[in-house]
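Protein chains: 2
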Amino acid sequence: MYSEFIDKFGAKIIDDNILKRIEEISGEKPHKFLRRGIFYAHRDFEKILDMYDRGEEFYLYTGRGPSNNLHIGHIIPFEFTAYLQRIFNVKVVIQITDDEKYFTRDLDQETINQYADDNIIQIMKTGFIPEKTFIFKNMEYIGTLYHNICRIQKILKLVTVGKTFGFIGNNDQDELKITDKDINMGAVSFCPIQMAPCFSSSFPDFFGKNSKLMCLIPCAIDQDPYFRLVRDIAEKLGENKPAMIYSKFIPSLTSNEKMSSSVHNTAIFITDDMNIVKKKIYASLSGGGDTKELHRKNGANLEVDVAYQYLSILIDNDDELVEITDKYKSGVMLTGELKNRTIDVVMDVMERYK
Amino acid sequence: MYSEFIDKFGAKIIDDNILKRIEEISGEKPHKFLRRGIFYAHRDFEKILDMYDRGEEFYLYTGRGPSNNLHIGHIIPFEFTAYLQRIFNVKVVIQITDDEKYFTRDLDQETINQYADDNIIQIMKTGFIPEKTFIFKNMEYIGTLYHNICRIQKILKLVTVGKTFGFIGNNDQDELKITDKDINMGAVSFCPIQMAPCFSSSFPDFFGKNSKLMCLIPCAIDQDPYFRLVRDIAEKLGENKPAMIYSKFIPSLTSNEKMSSSVHNTAIFITDDMNIVKKKIYASLSGGGDTKELHRKNGANLEVDVAYQYLSILIDNDDELVEITDKYKSGVMLTGELKNRTIDVVMDVMERYK
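Listed in order, the protein sequences are those of chains A and B.
Read left to right, the first sequence gives residues 88 to 441 (my numbering).
Read left to right, the second sequence gives residues 88 to 441 (my numbering).
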């Protein structure tokens with residue numbers, strides 16, 4: 088999937104040259120999510136680095152659908168965006184897509200709004216520079232966004248959006264057929280709303296009126312369709328194409344499949360207390376041997392081991408990660424030891440959200 | 088067409104009983120547009136009259152797409168709405184659909200906005216009670232409307248909207264096929280925006296927060312699809328179904344076909360001066376005889392006579408209308424005389440817009 092994304096959709100790998108440039112800019116080694124290939128691909132990120140070198144202004148744009156509290160997987164893009172903000176010293180806009188979650192979930196506006204407000208407080212604790220960060224809920228901010236939404240809506244065809252998001256036409260014979268006959272108008276209309284913040288003129292109070300700054304979007308690869316569409320129409324609108332920097336999905340953190348269904352909540356929410364975290368991690372699917380003897384003999388299967396995956400993403404120290412990886416894989420380190428270390432690492436990450 | 092609208096879509100004729108009730112309420116004979124069958128059909132208008140009798144509050148909603156200056160045909164619904172406001176003493180909301188015109192015309196936002204502002208000034212001269220009238224441009228007001236737009240978008244399916252407005256599925260075989268492959272996202276997304284003002288909670292500052300007043304919509308029959316959809320979903324949203332009162336199209340005033348193409352502007356704009364009005368009416372297609380002799384002998388064809396149609400809609404005095412109709416039809420009155428009287432009538436109507 089991750090290489091298909093590069094080959095098929097024309098994104099580029101974040102290579103050593105880019106990592107080196109980031110190291111030069113920041114004066115420190117690149118963020119662990121870069122070092123470990125969590126953020127692994129991009130479009131036009133080199134252009135952003137060139138702009139930085141020339142002292143030109145740009146901004147960051149990311150977002151969040153507030154259908155629940157944040158879990159530990161959700162903070163990865165925010166932590167990374169806050170990192171980019173810090174090293175580039177730029178402004179950030181964060182879109183809270185309360186409207187989209189309302190359209191696509193069985194939740195009322197009040198419930199979504201409560202999640203949105205809670206999420207905003209949590210997101211800001213990730214480490215954004217408050218005076219350089221504008222975080223907004225669509226339901227509140229749409230009035231200001233609307234002139235750009237309209238510009239996008241005017242040149243974007245229903246058929247293009249339908250094909251991009253898979254609700255129109257899956258083959259040549261039926262290329263104009265609605266394939267999701269129950270799709271509601273909200274889900275259909277939403278696409279330009281996520282596209283509009285790619286143009287800095289959507290934020291006249293934050294960037295100045297008629298601003299035309301270039302935008303860099305840190306996001307997971309599943310959000311690419313929105314931003315590919317923006318790139319397709321940007322020129323026609325006299326706007327800059329946004330640049331993107333893409334993360335892999337974090338399945339061990341965001342999917343439920345690998346955690347025991349006996350645990351009430353299958354993801355670790357950043358508001359969970361230590362006892363809950365312990366319970367969830369102890370109950371998580373292990374890649375260790377079934378018995379101590381088998382484990383010592385065969386070692387652990389890291390691919391399916393949820394606790395190991397948490398740890399491998401979140402731990403700060405590269406050397407310790409290498410050491411743990413070796414020891415756990417070879418069976419020298421036991422599952423219980425691994426899980427205890429993971430609990431410490433997770434609790435460290437969650438400290439700032441208390 | 089007008090009887091099909093009654094038979095096929097279940098609207099009702101405005102009958103003598105309704106006219107009598109309006110006369111009782113207003114203490115004067117019903118408006119000329121009612122007497123002459125320009126406003127001729129309705130849904131639930133009797134319910135509105137019952138509410139009035141019981142002293143219950145309701146409001147009026149109408150609108151305007153600002154793609155040009157107002158011409159004389161456009162003022163008909165506004166004059167009628169202002170009349171209803173006066174006899175019922177109720178609030179009015181007027182939606183200026185600057186967004187929709189931007190999506191569907193080859194005009195930029197600045198041009199549309201200028202038309203919108205000019206239109207608003209002109210509309211208010213129609214005779215609305217200023218302190219009971221709220222007129223708004225979608226591009227400015229969408230932020231407040233949006234919570235209701237979202238409620239509508241969530242329960243309204245793309246397929247339903249597409250079928251209602253003719254861009255999806257024209258027959259059973261292709262019932263899910265997009266039939267307008269170039270339709271843009273704006274035109275698709277607009278429908279709920281015209282629907283939202285049917286719920287008084289869209290105007291918290293005007294009606295109070297969480298208001299649930301019933302709405303009466305004076306409109307031409309081509310706007311019915313929007314409001315039929317609202318009626319279909321209102322109950323599910325815990326809202327009142329709006330009532331409607333429908334006018335016929337005014338083809339002699341709004342269509343270009345019947346006016347000479349040698350005239351620069353084919354419609355009479357309410358800002359035209361007397362010389363322009365004269366020129367346009369003199370140049371308009373006549374139903375009179377080709378020669379004075381033939382006219383005296385055969386009389387005029389009223390059906391195709393543009394000046395007569397203007398006059399028959401706009402003149403105040405019923406007796407004079409009957410007299411002119413008889414005389415012109417029979418050939419006693421000449422085309423020149425008819426046109427001169429029409430010019431006077433039109434200039435009278437336009438007086439208030441100076």
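Glycine included, every Cβ here is placed at the ideal spot set by N, Cα and C.
Which residue wins for smallest C-alpha separation from residue i, given the options the options?
i        : options                                : result
A/Ile109 : A/Tyr313, A/Ala203, A/Arg173           : A/Arg173
B/Val419 : B/Glu380, B/Val432, B/Leu303           : B/Glu380
B/Arg238 : A/Asp204, A/Pro284, A/Asn388, A/Gln196 : A/Gln196
B/Pro284 : B/Asp131, B/Arg192, B/Phe145           : B/Phe145
B/Thr266 : A/Val246, A/Gly114, A/Ile93, A/Leu421  : A/Val246
B/Ile308 : B/Glu326, B/Ile112, B/Ala128           : B/Ala128
B/Val432 : B/Leu398, B/Arg318, B/Lys366, B/Leu243 : B/Leu398
A/Met437 : A/Glu410, A/Thr184, A/Leu243, A/Ile355 : A/Ile355
B/Asn200 : B/Asp269, B/Phe223, B/Phe215, B/Lys212 : B/Phe223
A/Lys367 : A/Thr429, A/Asn206, A/Tyr202           : A/Thr429
B/Lys99  : B/Pro217, B/Asp193, B/Asp311, B/Arg192 : B/Asp311
B/Met226 : B/Phe190, B/Ile242, B/Gly214           : B/Phe190
B/Gly273 : A/Val275, A/Lys241, A/Lys250           : A/Lys241
A/Leu243 : B/Val248, B/Pro217, B/Ile270, B/Asp261 : B/Ile270
B/Thr149 : B/Tyr395, B/Thr184, B/Ser90, B/Lys441  : B/Thr184
B/Asp131 : B/Asp359, B/Tyr202, B/Ile105, B/Tyr395 : B/Ile105
A/His161 : A/Lys335, A/Lys426, A/Val248, A/Glu218 : A/Lys335
A/Asp359 : A/His118, A/Ser90, A/Ile159, A/Asp403  : A/Ile159
A/Pro217 : A/Asn176, A/Gly376, A/Thr251, A/Val248 : A/Asn176
B/Arg439 : B/Ile411, B/Ile357, B/Asn427           : B/Ile357
B/Glu166 : B/Lys426, B/Asp204, B/Glu410, B/Thr213 : B/Thr213
B/Lys365 : B/Lys107, B/Leu425, B/Asp403           : B/Leu425
B/Asp186 : B/Val275, B/Asp137, B/Ile320           : B/Val275
B/Met434 : B/Lys107, B/Gly423, B/Ile402           : B/Ile402
A/Asp361 : A/Glu322, A/Lys441, A/Gly376           : The sequence as given places Met at residue 361 of chain A; Asp does not occur at that position. It is A/Lys441.
B/Gly376 : B/Leu324, B/Glu111, B/Leu421           : B/Leu421
Grouping DSSP H, G and I as helix and E and B as strand, with all else coil, what is residue i?
i        : result
A/Ser334 : strand
B/His129 : strand
A/Tyr170 : helix
A/Gly374 : coil
B/Pro217 : helix
B/Ile236 : helix
B/Tyr440 : helix
A/Pro117 : coil
B/Arg151 : strand
A/Lys241 : helix
A/Ile181 : strand
A/Leu37  : Absent from the structure is residue 37 of chain A, since the part of chain A shown begins at 88 and ends at 441.
A/Phe356 : strand
B/Lys426 : helix
B/His382 : helix
B/Lys268 : coil
B/Lys328 : coil
Could you name the residues of the same chain whose beta carbon sits closer than 7 angstroms to that of residue i, not counting the 5 residues immediately before and after it, in chain order?
i        : result
B/Ile236 : Pro279, Ile280, Ala283
A/Ser113 : Ile174
Assuming the contact rule is C-beta atoms closer than 8 angstroms, residue i and residue j should be a hit. Round their C-beta distance to whole Å, please.
i        : j        : result
A/Arg141 : A/Asp405 : Going by Cβ atoms, the distance from A/Arg141 to A/Asp405 rounds to 32 angstroms, so no, they are not a contact pair.
A/Lys264 : A/Gly256 : 6 angstroms
A/Ala151 : A/Ile210 : Per the sequence presented here, residue 151 of chain A reads as Arg, with Ala not at that position. Rounded, the Cβ-Cβ distance is 6 angstroms, consistent with contact.
B/Tyr170 : B/His234 : About 32 angstroms separates the two Cβ atoms, so there is no contact after all.
B/Lys178 : B/Lys219 : 5 angstroms
A/Ile229 : B/Ile363 : 42 angstroms between Cβ atoms; not a contact.
A/Gly54  : A/Tyr395 : The question about residue 54 of chain A has no answer here: the residues shown for chain A are numbered 88 through 441.
What does a CB cutoff of less than 8 angstroms around residue i pick up in its chain, not counting 5 residues either side in sequence?
i        : result
B/Ile290 : Residue identity check: residue 290 of chain B is Phe in the sequence provided, not Ile. Closer than 8 angstroms at the Cβ level, and outside the excluded window around B/Phe290, lie Val180, Phe221, Thr231, Pro284, Ser298.
B/Ser349 : Below a pLDDT of 50, predicted positions are generally treated as unreliable, and B/Ser349, at 39, falls in that range; the measurement from the model is reported next regardless. Same-chain partners within the cutoff: Ala370.
A/Leu300 : Glu144, Phe145, Tyr146, Ser287, Phe294, Asn327
Leaving out five residues before and five after residue i in sequence, what residues of the same chain have Cβ atoms less than 6 angstroms from its Cβ?
i        : result
A/Ile101 : Tyr127, His129
B/His351 : For B/His351, the predicted structure reports a pLDDT of 46, less than 50, and the residue's modelled location is therefore unreliable. A value from the coordinates is still provided. The answer is none, since no qualifying residue turns up.
A/Lys250 : Gly256
B/Val248 : Cys278
Please tell me whether, using a cut-off of 7 angstroms, the distance from the CB of residue i to the nearest non-hydrogen atom of the ligand FMN is below it.
i       : result
A/Ser90 : For the ligand FMN, the structure offers nothing, since it holds no ligand at all.
At a cut of 8 angstroms, does the stretch 325-336 of chain B reach the stretch 299-307 of chain B through at least three beta carbon pairs?
yes
Do the stretch 381-391 of chain B and the stretch 400-419 of chain B touch if we need at least three Cβ pairs shorter than 8 angstroms?
In short, these stretches touch, since the Cβ pair count reaches three.
Is the stretch 309-319 of chain A close to the stretch 151-158 of chain A, with three or more CB pairs under 8 angstroms?
no
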